[in-house]
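A.B. asks: Attaching a single structure in structure tokens format; questions to follow.
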Amino acid sequence: MNVSVKRMLSVIVFAVGIISVIIAFYLNFSGSDSSIRGNLLIAGALLALFGIYFYPTKHHRKIINVLFLFPLVFTFAVTVIIPFIFGIFYSLTDWNGIKFENFVGLSNYIKMFQSSDYVYSFAITFIFTVINMISVNVVAFALALLCTSKIKGKNLYRAAFFLPNLIGGIVLGYVWQFIFNKVFTVIISESQSMLTNPNLAIVAILIVSTWQYAGYIMMIYVTGLQGVPKDIMEASSVDGANGWVTLTKIKMPMIANTFTVCIFLTLVNSFKQFDLNLALTNGAPTRVLGGKAIAATEFLALNIYNTAIAKNEYAMGQTKAVVFFIILAIVSLTQVTISKKREVEL
Amino acid sequence: MKQIKKILPEIIAILIAIIVLAPFFLVVVNSAKASADIVISPISLPSDWGQMFTNMKNVINNQNFSYWDSFFSSVIITIVSLALLIVFSSMAAWVLVRNKTKWSGFIFMLFVSAMVIPFQVVMLPLLSTFREVSSFIGIDMLSSYKGIIFAYLGFGGSMSVFILHGFVKGIPYELEEAAWIDGASPEGTFFRIIFPLLKPVQVTVLILNGIWIWNDYLLPSLMLGLNGRIKTLPVAVSSFVGSYVKQWDLILTAAFLAMIPIVILFLFAQKQIMQGMVDGAIK
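Encoded structure:
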């Protein structure tokens, strides 16, 4: 096709696109509720993009660069960046989910730390995160050693241990609720369900999340252990090192990086625990603290959700979410610093 | 003594496997029992496996669960999101690697730092932003496939770009130059040469995002609602449990039905799924 014809055609396509976008916006402002305006807008925007794409120019590569980045950057900006900026702003207002009237400064933050249910939730989330991180990593590392030893059917065991991780926390939460309430109480006759006791209910969540998560972390350890060079292992056995010495003096230091990855991965994921928490206990049972009934197993993610969605306190929920973010950001920055340091040392 | 030492790990492995898989066993046997039998003997084998079909029929046709509708909604959302995510994030990663400017550095930094942002901190403003956008452009962005797929592109994008970015860097630039000299357009070079080369790492991106989107509960429950027109499987299970409290025969059957698709997938693509998830964590 002739270049000038192509140029003209692409200008026309572009113009038609822009005009449809303008008409769509006009329909919007004129208050007409016609259902075509949305489709017109999208069709117009696409036409305009096609016009730009087909326009013959020396800067074609630049146009492609912009067009290739556009879909992801656009969706990312609308779903992550804009809500994130708004979110931080809303935490400083009396936002009710739709609009806000007053700028209240830091008073949401102050009120939040004064409410005992939040402080309690904060405390048990930290305790849960640390214990869960330890239990997942200990179990996962032990399983990884088992799965890299000389047993038969290793791949089958790996798959079996990994399986719980593939099923969503919501479905598993309900299944385990059944197990705690109906199965354990029958096996150990006359016993009360763990989920009715405030302390044991947290232990129950620990058990389930270790069960669900250890198989995944195990696989990361397996990959790390398989990366330990064979000749080093042979040298150590020639030197007469026993199994324990080989493990603690050679294998474990060799996979220090894997430990860092696994520890931080479990820290972040335990801290963000939501699905299991919602389906297994939803905060129940209650515990009386300082004359107030408090949900005994409500971790931070669930606390944020319940504050905003169940109690309809959007600004407060958002404030808690911002603090939630800050803690996670600190944890991630620590991880990056540690990994960087190690790279320098190597 | 030596014999014992050899057999001991095998026995431990079998015992652990039994413990790990026990909950799945309990789901299967109890979804084949009537409500009364579960209460009396939750760990015994069912007396009549035919009961499973009765339970399934009850659950599948239930209005709160509507299994086939939820299953297909989940399939549509997962597959369309994944397809778009793979194409768009490969495109973006390629541009960000090959086009070294201040802007591309900034955008990449933005994607990487956004991986730290938990969903909780954006979910509430996201709902209000989407509501405003819906009324502004006249397209329902909250309870529609378009809206939720759009959201998955936004949330899945940063990690996908990060993983792909590392891989594109390893592809020699000479390949592109050669295509260039042969007169190929930049988009042609990308789709014919670079895109196929990305396949191994695209599998990782596909698996990581696929498992996440398929099992995700919070985003669909907030955007689509618990009793909306469109439901994903986790939302359907939750909505079903909400209306059939303590009817364990039906709840476990629903859980069983919700697990089947992913377990079947795992049986076929076990190696790839495990490898993909581990690779994603290490990067």
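These protein sequence lines map, in sequence, to chains A and B. Here the first sequence stands for residues 5 to 350, numbered as in this note's numbering. Here the second sequence stands for residues 1200 to 1482, numbered as in this note's numbering. C-beta atoms are modelled at their ideal positions from N, C-alpha and C, and glycine is treated no differently.
Rounded to the nearest angstrom, how far is the Cβ of residue 41 of chain A from that of residue 1337 of chain B, given a contact under 8 Å?
C.D. replies: The count along the first sequence starts at 1 and reaches residue 41 of chain A at position 37. The count along the second sequence starts at 1 and reaches residue 1337 of chain B at position 138. Confirmed, Cβ separation roughly 4 Å.
A.B. asks: By how many angstroms is the C-alpha of residue 310 of chain A removed from the C-alpha of residue 318 of chain A?
C.D. replies: Here residue 318 of chain A refers to the residue found at position 314 of the first sequence. Here residue 310 of chain A refers to the residue found at position 306 of the first sequence. Approximately 10 Å between the Cα atoms of the pair.
A.B. asks: Locate the beta strand (DSSP E) running through residue 290 of chain A, then write down its first and last residues.
C.D. replies: Looking up residue 290 of chain A in the first sequence gives position 286. Counting along the chain, the beta strand (DSSP E) containing residue 290 of chain A begins and ends at 290-293.
A.B. asks: Taking Cβ-Cβ distances below 8 Å as the criterion, which residues of the stretch 1264-1294 of chain B are in contact with chain A?
C.D. replies: So the close ones are 1283, 1287, 1288, 1290, 1291, 1293, 1294.
A.B. asks: Quick check: the stretch 1268-1286 of chain B against the stretch 1418-1433 of chain B, are there 3 or more CB pairs under 8 Å?
C.D. replies: These segments touch.
A.B. asks: At a CB-CB cut-off below 8 Å, which residues of chain A make contact with residue 1335 of chain B?
C.D. replies: The count along the second sequence starts at 1 and reaches residue 1335 of chain B at position 136. Here the neighbours are 32.
A.B. asks: Count the other CB atoms, across all protein chains shown, that sit within 10 Å of the CB of residue 6 of chain A; report buried if there are 16 or more and exposed otherwise.
C.D. replies: Numbered from its first residue, the first sequence carries residue 6 of chain A at position 2. Burial call: exposed.
A.B. asks: Just to confirm, are residue 269 of chain A and residue 1480 of chain B a CB contact at a threshold of 9 Å?
C.D. replies: In the first sequence, residue 269 of chain A corresponds to position 265, counting from 1. In the second sequence, residue 1480 of chain B corresponds to position 281, counting from 1. Contact: yes.
A.B. asks: Let me make sure I understand the geometry here. Which of B:1234, B:1220, B:1224, B:1221 has the alpha-carbon closest to that of residue 1449 of chain B?
C.D. replies: Position 250 of the second sequence, counted from the first residue, corresponds to residue 1449 of chain B. Residue 1449 of chain B has its Cα closest to that of B:1234, out of B:1234, B:1220, B:1224, B:1221.
A.B. asks: Which residues in chain B sit within 7 Å of residue 308 of chain A, going by Cβ to Cβ distance?
C.D. replies: As a first step, residue 308 of chain A is located in the first sequence; it is residue number 304 there, counting from the start. Under the 7 Å cutoff, chain B gives 1319.
A.B. asks: Output, in chain order, the set of chain A residues within a Cβ distance shorter than 8 Å of residue 1417 of chain B.
C.D. replies: Within the second sequence, residue 1417 of chain B is the residue found at index 218, counting from 1. Here the neighbours are 278, 279, 309.
A.B. asks: How many Å lie between residue 1249 of chain B and residue 1432 of chain B at the Cα?
C.D. replies: One-based indexing of the second sequence puts residue 1249 of chain B at position 50. One-based indexing of the second sequence puts residue 1432 of chain B at position 233. If you take the alpha carbons of residue 1249 of chain B and residue 1432 of chain B, they lie about 25 Å apart.
A.B. asks: List the endpoints of the continuous beta strand (DSSP E) containing residue 313 of chain A.
C.D. replies: For this step, residue 313 of chain A is matched to residue 309 along the first sequence. Residue 313 of chain A -> no beta strand (DSSP E), and no H or E assigned at all.
A.B. asks: Rounded to whole angstroms, what's the CA-CA distance from residue 338 of chain A to residue 1357 of chain B? Just pull it up for me.
C.D. replies: By one-based count along the first sequence, residue 338 of chain A stands at place 334. By one-based count along the second sequence, residue 1357 of chain B stands at place 158. Straight-line Cα distance between these residues: approximately 20 Å.
A.B. asks: Residue 1328 of chain B CB to nearest chain A CB: under 9 Å?
C.D. replies: Along the second sequence, one-based indexing puts residue 1328 of chain B at 129. True, the Cβ-Cβ gap to chain A drops below 9 Å.
A.B. asks: Could you please give the first and the last residue of the uninterrupted alpha helix (DSSP H) stretch that includes residue 1380 of chain B?
C.D. replies: As a first step, residue 1380 of chain B must be located in the second sequence, where it is residue number 181. Start and end: 1372-1380.
A.B. asks: Give the C-beta separation of residue 1293 of chain B and residue 1389 of chain B to the nearest angstrom, bearing in mind that I take them to be a contact with Cβ-Cβ under 8 Å.
C.D. replies: Looking up residue 1293 of chain B in the second sequence gives position 94. Looking up residue 1389 of chain B in the second sequence gives position 190. That pair is a contact at about 6 Å.
A.B. asks: Between which two residues does the alpha helix (DSSP H) containing residue 1201 of chain B stretch?
C.D. replies: Along the second sequence, read from residue 1 onward, the residue named residue 1201 of chain B stands at position 2. Its alpha helix (DSSP H) spans residues 1201-1229.
A.B. asks: Chain B beta carbons: is any one of them nearer than 9 Å to that of residue 63 of chain A?
C.D. replies: Along the first sequence, read from residue 1 onward, the residue named residue 63 of chain A stands at position 59. So, not an interface residue.
A.B. asks: At the 9 Å Cβ level, is residue 1371 of chain B part of the contact set with chain A, yes or no?
C.D. replies: Taking the second sequence and counting its residues from 1, the one referred to as residue 1371 of chain B is at position 172. Output row for residue 1371 of chain B: interface = no.
A.B. asks: Whose C-beta lies closer than 8 Å to the C-beta of residue 259 of chain A among residues of the same chain, with five residues either side of it excluded?
C.D. replies: Your numbering for residue 259 of chain A matches position 255 in the first sequence. 225, 228, 229, 231, 232, listed in sequence order.
A.B. asks: Taking 9 Å as the CB-CB cut-off, is residue 1248 of chain B touching chain A?
C.D. replies: As a position in the second sequence, residue 1248 of chain B is number 49, starting the count at 1. So, not an interface residue.
A.B. asks: In the stretch 311-333 of chain A, which residues sit with their C-beta less than 7 Å from some C-beta in chain D, listed in chain order?
C.D. replies: Here chain D cannot be found, since the structure's protein chains are A and B.
A.B. asks: I'd like to know whether the C-beta of residue 41 of chain A is nearer than 9 Å to at least one C-beta of chain B.
C.D. replies: As a first step, residue 41 of chain A is located in the first sequence; it is residue number 37 there, counting from the start. Yes - at least one Cβ of chain B is within 9 Å of the one on residue 41 of chain A.
A.B. asks: Between residue 1264 of chain B and the rest of its own chain, which residues show a CB-CB distance below 7 Å, the 5 nearest in sequence each way excluded?
C.D. replies: Here the question's residue 1264 of chain B lines up with position 65 in the second sequence. So the qualifying residues of the chain are 1258, 1435, 1439, 1453.
A.B. asks: With 16 as the cutoff for other CB atoms within 10 Å, does residue 1487 of chain B come out buried or exposed?
C.D. replies: What the structure shows of chain B is the stretch from 1200 to 1482, and residue 1487 of chain B is not part of that stretch, so it cannot be assessed.
A.B. asks: Can you name the residues of chain A whose CB is closer than 8 Å to the CB of residue 1211 of chain B?
C.D. replies: As a working mapping, residue 1211 of chain B is identified with position 12 in the second sequence. Near residue 1211 of chain B (Cβ distances below 8 Å), the residues of chain A are 150.
A.B. asks: State the beta-bridge partners of residue 297 of chain A as determined by DSSP.
C.D. replies: Looking up residue 297 of chain A in the first sequence gives position 293. Residue 297 of chain A is bridged to A:292.
A.B. asks: At a Cβ threshold of 9 Å, is residue 182 of chain A touching chain B?
C.D. replies: Numbered from 1 along the first sequence, position 178 holds the residue referred to as residue 182 of chain A. At least one chain B Cβ lies under 9 Å of residue 182 of chain A.
A.B. asks: Cα-Cα, which of A:87, A:68, A:265, A:223 is closest to residue 1316 of chain B?
C.D. replies: Taking the second sequence and counting its residues from 1, the one referred to as residue 1316 of chain B is at position 117. Nearest of A:87, A:68, A:265, A:223 to residue 1316 of chain B, Cα basis: A:87.
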